[in-house]
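Encoded as structure tokens, the structure appears first; notes follow it.
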Amino acid sequence: MLEAPRDGQGLHSERGKQYIVEHVDLGSCYYRKYFYLREHWNYLGVDETLGPVAVSLRREKLEDHKEHGPQYNYRVIFRTSELTTLRGSILEDAVPSTSKHGTPRGLPLKEVLEYLVPELNAHCLRLALNTPKVTEQLMKLDEQGLSFQLKVGVMYCQAGQSSEEEMYNNESAGPALEEFLQLLGERVRLKGFNKYRAQLDTKTDSTGTHSLYTTYKDYEIMFHVSTMLPYTPNNKQQLLRKRHIGNDIVTIVFQEPGAQPFTPKNIRSHFQHVFVVVRAHNPCSDNTCYSVAVARSRDVPSFGPPIPKDVTFPKSTVFRDFLLAKVINGENAAHKSEKFRAMATRTRQEYLRDLAERHVTNTPIDPSGKFPFISLAHKRKEKSRPHAGAELRSLGAVTWPVHVEDHGAGGELEALLAVSNEFLVLVDQEAKAVVFNCAVRDVIGWTLGSPASMKIFYERGRAWRSAPSTTTPRTSARSSSVSSS
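Set out below in structure tokens:
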């Protein structure tokens with residue numbers, strides 16, 4: 353699938369920009385940050401419908417409320433074989449319970465869980481062993497999709513070339529490629545190299561003497577450059593090169609002026625899912641610039657930063673940042689494809705099943721037994737209702753689906769408006785990316801319009817308007833409870 357560039361003209365602006373890393377689970381470290389090395393409970397089990405599951409719960413004391421007394425908060429993580437994990441928090445006052453809210457003892461964990469995850473049969477759960485193995489395995493599960501080390505292929509396409517065989521058989525780099533590589537990263541000596549090596553030999557030079565390495569934000573990137581990998585004379589397949597580049601998810605195809613149009617149909621690989629085609633214009637001159645196109649497998653979702661139409665990028669650090677962000681986002685997006693999702697789901701299921709079968713005690717989440725209603729001596733206690741409006745005092749974000757005018761692309765953006773006790777955030781529902789955020793202390797006011805709409809003013813009178821899909825007064829009440837207005 354070829355990515356369609358957005359409208360544009362001329363040279364790309366030289367203004368610096370912080371590109372967003374996309375298709376990454378921003379909550380992956382929730383357990384590490386809020387549970388690890390703190391008192392909490394882990395429960396494991398195999399649900400008849402959901403399969404193996406793992407639940408982490410933690411109760412934390414908050415500041416007392418002047419009207420509602422002692423306040424407690426529950427943090428919860430619910431994991432299944434699906435790659436999407438449920439994480440969040442809820443005020444104790446918001447949970448219906450047979451027990452009294454706000455006491456040091458807390459509510460029955462089973463009631464908290466039944467309220468938050470009603471589809472789970474809590475009777476299947478058993479308390480996990482209190483061992484480092486369990487916590488380490490849970491962190492590994494949660495951070496399964498996080499990787500800050502990438503290996504990226506670079507194929508060299510000379511003038512008149514287009515086939516995979518021709519590119520692999522270019523023995524050495526021409527001046528245009530050398531110029532591009534100098535911009536892209538640092539040429540490093542492999543022998544003795546002690547950073548991310550991407551399966552390259554750093555002891556005996558069997559994979560070449562040098563490679564290209566760089567860092568961007570928190571990421572380490574090692575490039576498998578075709579002309580830096582070993583060349584085998586009289587060997588059309590060049591397997592010593594292809595065994596590395598052919599197993600890279602993202603490949604940069606560098607084209608000299610005059611190269612034939614690139615098509616991924618010429619590439620024989622089941623692993624290469626994204627091709628970033630960089631074409632040089634006026635190389636090795638004061639006017640060197642590059643055009644970019646992307647081809648991706650059909651089941652790989654789109655990813656940014658968007659490529660402007662009919663625009664070339666001057667050789668600069670701005671272009672380098674754009675290209676590296678595109679490469680990282682392409683790698684992350686490829687992991688959403690059917691092949692990689694299936695592999696990750698199988699791995700996750702095996703981890704969860706191993707935990708549920710080998711790392712549990714005999715303690716259920718409800719020690720009173722599975723059938724408390726059998727006892728005729730005691731009437732079953734009714735659950736009290738949650739305190740009205742308790743969700744408005746939540747530490748975590750309360751969210752509403754909204755429609756926001758997108759001035760950049762035109763039309764409306766389907767988003768989530770999230771208001772926590774510290775931040776107000778808009779999240780693009782399709783891209784799963786934050787498109788706006790500000791501290792709630794910077795919110796100076798809001799107005800309610802008709803038909804149902806809300807205009808929020810922040811900082812020095814700047815504003816944006818949304819059309820909530822739910823009742824605006826609840827949004828207004830939440831904003832009022834956390835802001836200084």
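Start counting at 1 in the sequence shown, then tack on 352, and there's your number in this note's numbering. Positions of the beta carbon are idealized from the N, C-alpha and C atoms, including for glycine.
Which residues DSSP lists as bridging residue i, in chain order
i	result
residue 716	478
residue 645	629
residue 371	BP columns for residue 371 are empty, so no partner.
residue 376	None, per the DSSP bridge assignment.
residue 572	501 and 567
residue 417	421
residue 780	767 and 785
residue 507	605
residue 562	541
residue 404	398
residue 430	407 and 438
residue 751	770
residue 790	776
residue 412	425
residue 670	None, per the DSSP bridge assignment.
residue 577	506
Where residue i falls, given that 16 or more other Cβ within 10 Å makes a residue buried
i	result
residue 474	buried
residue 695	exposed
residue 476	buried
residue 370	exposed
residue 636	exposed
residue 799	exposed
residue 723	Below a pLDDT of 50, predicted positions are generally treated as unreliable, and residue 723, at 40, falls in that range; no measurement from the model is reported.
residue 499	exposed
residue 466	buried
residue 591	exposed
residue 416	exposed
residue 611	buried
residue 647	buried
residue 709	exposed
residue 807	exposed
residue 559	buried
residue 774	exposed
residue 490	buried
residue 683	buried
residue 404	buried
residue 704	buried
residue 456	exposed
residue 374	buried
residue 598	buried
residue 423	buried
residue 587	exposed
residue 797	exposed
residue 617	exposed
residue 564	buried
Integer Cβ distance of residue i from residue j, believed to fall under 8 angstroms
i	j	result
residue 707	residue 438	Their Cβ separation, rounded to whole angstroms, is 17 angstroms, which puts residue 707 and residue 438 out of contact at 8 angstroms.
residue 580	residue 562	6 angstroms
residue 532	residue 630	7 angstroms
residue 414	residue 425	5 angstroms
residue 769	residue 751	7 angstroms
residue 458	residue 390	Not confirmed; about 15 angstroms, so no contact.
residue 614	residue 606	With a Cβ gap of about 10 angstroms, residue 614 and residue 606 do not count as contacting.
residue 777	residue 789	4 angstroms
residue 552	residue 542	6 angstroms
residue 718	residue 462	4 angstroms
residue 486	residue 711	5 angstroms
residue 604	residue 754	About 38 angstroms; that fails the 8 angstroms criterion.
residue 493	residue 700	6 angstroms
The ligand GTP heavy atom lying under 7 angstroms from the CB of residue i
i	result
residue 463	Judged by which ligands are present, the structure shown has none, so any question about the ligand GTP falls away.
Proximity test, Cβ basis, 8 angstroms: residue i and chain C
i	result
residue 569	Here there is only one protein chain, and chain C is not present.
_the stretch 376-392 contacting the stretch 428-443, beta-carbon criterion three pairs below 8 angstroms_ = Cβ pair count under 8 angstroms is three or more, so yes.
*Is the stretch 513-520 in contact with the stretch 654-666, if contact means three or more CB pairs nearer than 8 angstroms?*
Cβ pair count under 8 angstroms is below three, so no.
_Cβ contact check for the stretch 633-643 and the stretch 563-571: 3 or more pairs under 8 angstroms_ = When Cβ pairs closer than 8 angstroms are counted between the two stretches, the stretch 633-643 is seen not to touch the stretch 563-571, the count staying below three.
*Which parts of the stretch 442-500 are runs of the alpha helix (DSSP H), unbroken and 4 residues or longer, counting only runs that do not cross its ends?*
Listed in chain order, the complete alpha helix (DSSP H) runs (minimum 4 residues) inside the stretch 442-500 are 461-468 and 484-494.
*Are at least three pairs of beta-carbons, each pair with one atom in the stretch 622-629 and one in the stretch 543-562, less than 8 angstroms apart?*
No: fewer than three Cβ pairs fall under 8 angstroms.
*Inter-stretch contact (C-beta, 8 angstroms, three-pair minimum) for the stretch 442-453 and the stretch 496-511*: Contact fails between the stretch 442-453 and the stretch 496-511, because fewer than three Cβ pairs, one in each stretch, are under 8 angstroms apart.
_Does the contact criterion of 3 or more C-beta pairs under 8 angstroms hold for the stretch 389-406 versus the stretch 477-490?_
Because the criterion of three Cβ pairs below 8 angstroms is met, the stretch 389-406 and the stretch 477-490 touch.
*Below 8 angstroms, can you find three or more Cβ-Cβ pairs linking the stretch 548-558 to the stretch 524-537?*
Below 8 angstroms, too few C-beta pairs join the stretch 548-558 and the stretch 524-537 to call them touching: fewer than three.
*Which full runs of the beta strand (DSSP E) of 3+ residues lie inside the stretch 683-715, going along the chain?*
Fully contained in the stretch 683-715 is no beta strand (DSSP E) run of length 3 or more.
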